[in-house]
Amino acid sequence: TEKGHVAISVRWLKDQDRLELEVSDTGQGISDEAQKRIFQPFEQEQHGASRSFQGVGLGLALCSEIATLHSGQICVRSELGIGTTFTASFFCDGKLGLAEAVKASPADLAAVKARPADPVAMPL
Numbered sequence: 001t002e003k004g005h006v007a008i009s010v011r012w013l014k015d016q017d018r019l020e021l022e023v024s025d026t027g028q029g030i031s032d033e034a035q036k037r038i039f040q041p042f043e044q045e046q047h048g049a050s051r052s053f054q055g056v057g058l059g060l061a062l063c064s065e066i067a068t069l070h071s072g073q074i075c076v077r078s079e080l081g082i083g084t085t086f087t088a089s090f091f092c093d094g095k096l097g098l099a100e101a102v103k104a105s106p107a108d109l110a111a112v113k114a115r116p117a118d119p120v121a122m123p124l
């Protein structure tokens with residue numbers, strides 16, 4: 001978004017054996033009607049000529065398919081004029097050691113600087 005923020009959080013729900021990844025923004029939101037179809041290929045919210053970012057409408061369909069293939073799910077909560085939150089949830093019993101190994105303190109997280117991905121380093 002040009003104004004506002006995007007927040008990403010990950011949490012392990014040990015009692016449910018689930019790992020949740022949540023992405024929230026303070027964008028323009030997604031209408032109730034569009035929320036019913038945005039996980040279908042080539043569908044997206046339409047905001048007319050005011051849209052500053054374009055796409056073909058495959059990203060959320062692919063995310064949904066990947067989540068399903070990994071026995072997970074993805075859902076959306078949105079309010080027009082407020083923003084949108086996508087939550088992906090996957091089975092994770094912690095046996096791989098990942099959940100126990102990742103214990104970052106607030107100071108550790110504050111030291112991490114977000115930066116755009118380096119297109120040269122990205123695998124094609």
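Numbering (this note's numbering) for the sequence shown: 1 to 124.
Glycine included, each C-beta is placed from N, C-alpha and C at the ideal position.
Please determine, among the options, the residue with the shortest C-alpha to C-alpha distance to residue i.
{"i": "glycine 4", "options": "Glu20, Asp25, Leu80", "result": "Asp25"}
Can you look up residue i in the DSSP assignment and give me helix, strand or coil?
{"i": "serine 9", "result": "strand"}
{"i": "isoleucine 66", "result": "helix"}
{"i": "aspartate 25", "result": "strand"}
{"i": "proline 123", "result": "Confidence at proline 123 is low in this model, with a pLDDT of 42, below 50, so the placement of that residue is unreliable and no value is reported for it."}
{"i": "alanine 83", "result": "Per the sequence shown, residue 83 should be read as glycine rather than alanine. Correct three-state label for glycine 83: strand."}
{"i": "glutamine 44", "result": "coil"}
{"i": "leucine 58", "result": "coil"}
Please report the distance separating the alpha-carbon of residue i from that of residue j.
{"i": "leucine 58", "j": "glutamate 65", "result": "11 Å"}
{"i": "threonine 84", "j": "lysine 95", "result": "32 Å"}
{"i": "valine 10", "j": "histidine 70", "result": "17 Å"}
{"i": "tryptophan 12", "j": "isoleucine 74", "result": "16 Å"}
{"i": "alanine 7", "j": "glycine 81", "result": "17 Å"}
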